[in-house]
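So the structure is just underneath, and the comments pick up after that.
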Amino acid sequence: MKVIFLADVKGQGKKGEIKEVPTGYAQNFLIKKNLAKEATTQAISALRGQEKSKEKAHAEQVAAAEAIKAKLAEEATLVKFVEKVGPDGRTFGSITSKKIAEELEKQFGIKIDKRHIQLDHPIRALGLIDVPVKIYQDVTGVINLSIKEA
1 MKVIFLADVK GQGKKGEIKE VPTGYAQNFL IKKNLAKEAT TQAISALRGQ EKSKEKAHAE
61 QVAAAEAIKA KLAEEATLVK FVEKVGPDGR TFGSITSKKI AEELEKQFGI KIDKRHIQLD
121 HPIRALGLID VPVKIYQDVT GVINLSIKEA
């Protein structure tokens, strides 16, 4: 019996796969536990439609991420911070990914989730700093920061 897997089943198939399995196994286990459904022509065409819509949505998100990456790459996109500095040249307080995301949205209107900004530790130094950001799955960019003394 041909079935469409609705979830990953170890040793049998992954979600969305169409595979031939023994009839008893399909009816008594896979279909009863909602792990698979019978692969009728109607179900197969519905699956193909879902795959196409997922691909289209993925392509749109990649295009939007590329646009954000291009905006970040422009010379004019320099996120400026003015911080108080102690005698040792380190800032009072630190610049976190949350602060960077807020300033990026305030100064340029670019909205990026703070969890996507790849900061090993909060920044406490002055100067020009490049911070990597993961905009989408395979799309990464760089945020340019300028930290000056108040």
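Each residue of the sequence shown is one higher than the one before, starting from 1 at the first, in the UniProt record's numbering. Just so it is clear, CB atoms sit at the ideal spot from N, CA and C, and this is done for glycine as well. Being a predicted model, the structure only gives us computed values, none of them experimental.
Gly127 versus Arg90: straight-line alpha-carbon distance, rounded: 11 Å
Same chain only: Cβ atoms within 7 Å of Ala73, ignoring 5 sequence neighbours per side: Gly141
So Glu55 is in the alpha helix (DSSP H); what residue range does that whole segment cover? Thr41 to Ala73
Buried/exposed call for residue 168, threshold 16 Cβ in 10 Å: Outside the shown range of the chain, which is 1 to 150, sits residue 168, and nothing can be said about it.
Taking the continuous beta strand (DSSP E) assigned at Glu38, which residues delimit it? Note, Glu38: beta strand (DSSP E), Ala36 to Glu38.
Extract the residue ranges of the beta strand (DSSP E) inside the region 69-110, only unbroken runs of 3 or more that lie entirely within it. DSSP assignment within the region 69-110 yields the following whole beta strand (DSSP E) runs of 3 residues or more, N-terminal first: 78-83.
In the DSSP output, what is Leu128 paired with across the bridge? Ser146
Can you grab the Cα-Cα spacing for the pair Leu145 / Val82, in whole Å? 11 Å
Between the alpha carbons of Leu47 and Gly16, how many angstroms are there, rounded? 7 Å
Leaving out five residues on either side along the sequence, give the residues of the same chain with a beta carbon under 7 Å from the beta carbon of Lys134. His116, Gln118 and Thr140
Would the region 4-24 count as touching the region 38-56 if we require 3 or more Cβ pairs under 8 Å? Yes: at least three Cβ pairs fall under 8 Å.
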